[in-house]
Amino acid sequence: MRALLLLLALAAPAHADLYRWVDPDSGSVKFSSLPPANPELRAELVPYRGPPRRAVPAPALDSLEARWRAMVLQLAGRAPQDMARERGALRAELEAYESLRAQLDRLDPAGAPRRAAETGVLAERLRQR
Numbered sequence: 445m446r447a448l449l450l451l452l453a454l455a456a457p458a459h460a461d462l463y464r465w466v467d468p469d470s471g472s473v474k475f476s477s478l479p480p481a482n483p484e485l486r487a488e489l490v491p492y493r494g495p496p497r498r499a500v501p502a503p504a505l506d507s508l509e510a511r512w513r514a515m516v517l518q519l520a521g522r523a524p525q526d527m528a529r530e531r532g533a534l535r536a537e538l539e540a541y542e543s544l545r546a547q548l549d550r551l552d553p554a555g556a557p558r559r560a561a562e563t564g565v566l567a568e569r570l571r572q573r
């Protein structure tokens, strides 16, 4: 049990302060995890904001959303005889659908509940057939 606690303590994410100051000799901005030795340099503590979020361009997101909608319509429009005949193709389509939905959910978390609701409706339609 102690070994597990030790392992968890060692595996905890490291957090270090980041100091910023201007070097008076060169005029350049310096960063360090330790404050400068000279207290007159008045180093400021830089707050940690986490990794930068990559903004997804709207056209790329719109394109993925359009592909996802087309897949929803294609799957919802399948006839029962098509589903019985082409099980392998249907499985591949469903995997592609889920992969695209997961990608959209990562890029646009705000739209995830709406897509989940639409997926539930789609799954119910497919079960009825």
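According to the working numbering, the sequence shown is numbered sequentially starting from 445. Glycine is no exception: its CB is placed at the ideal position from the N, C-alpha and C atoms.
Inset, instruction - Just tell me which of 566, 571, 508, 572 has its CA closest to the CA of residue 550. - result: Of the candidates 566, 571, 508, 572, the residue whose Cα lies closest to the Cα of residue 550 is 508.
Inset, instruction - Below 8 Å CB to CB, which residues in the same chain sit around residue 537 once its five sequence neighbours on both sides are set aside? - result: 515, 518, 519.
Inset, instruction - Find out if the Cβ-Cβ distance for the pair residue 555, residue 548 is shorter than 8 Å. - result: In contact: residue 555 and residue 548 (Cβ atoms closer than 8 Å).
Legend entry - Other residues of its chain near residue 559: CB distance less than 8 Å, five sequence neighbours each side excluded: Short of 8 Å from the beta carbon of residue 559, and not among the five residues preceding or following it, lie these beta carbons of its own chain, in chain order: 512, 545, 548, 549.
Legend entry - Chain-order list of residues whose beta-carbon lies under 8 Å from that of residue 651 (same chain, five-residue window excluded): What the structure shows of the chain is the stretch from 445 to 573, and residue 651 is not part of that stretch, so it cannot be assessed.
Legend entry - residue 541 in three-state terms, based on DSSP: Annotated three-state conformation of residue 541 is helix, per DSSP.
Inset, instruction - Helix, strand or coil for residue 507, going by three-state DSSP, please let me know. - result: Correct three-state label for residue 507: helix.
Inset, instruction - Verify whether the separation of the beta carbon atoms of residue 478 and residue 492 is less than 8 Å. - result: When the beta-carbon positions are compared, residue 478 and residue 492 stay at least 8 Å from each other.
Inset, instruction - Check whether the Cβ atoms of residue 589 and residue 469 sit closer than 8 Å, and answer yes or no. - result: Only positions 445 to 573 of the chain appear in this structure, which leaves residue 589 out of reach.
Legend entry - Secondary structure of residue 464, DSSP reduced to three states: Residue 464 falls in the strand class under three-state DSSP.
Legend entry - Between the CA atoms of residue 570 and residue 553 - distance to the nearest angstrom: Cα to Cα, residue 553 sits roughly 25 Å from residue 570.
Inset, instruction - Spatial neighbours of residue 475 within its chain, please: CB distance less than 8 Å, with the 5 preceding and 5 following residues excluded, ordered by chain position. - result: Exclusion of the five residues before and after residue 475 leaves 462, 463, 464, 490 as the residues of its chain whose Cβ lies within less than 8 Å of its Cβ.
Inset, instruction - Note down, in chain order, each residue of its chain lying with its Cβ closer than 8 Å to the Cβ of residue 480, except the 5 sequence neighbours on either side. - result: Beyond the five residues adjoining it in sequence on each side, residue 480 comes within less than 8 Å, by CB distance, of 463, 465, 474, 487 in the same chain, given in chain order.
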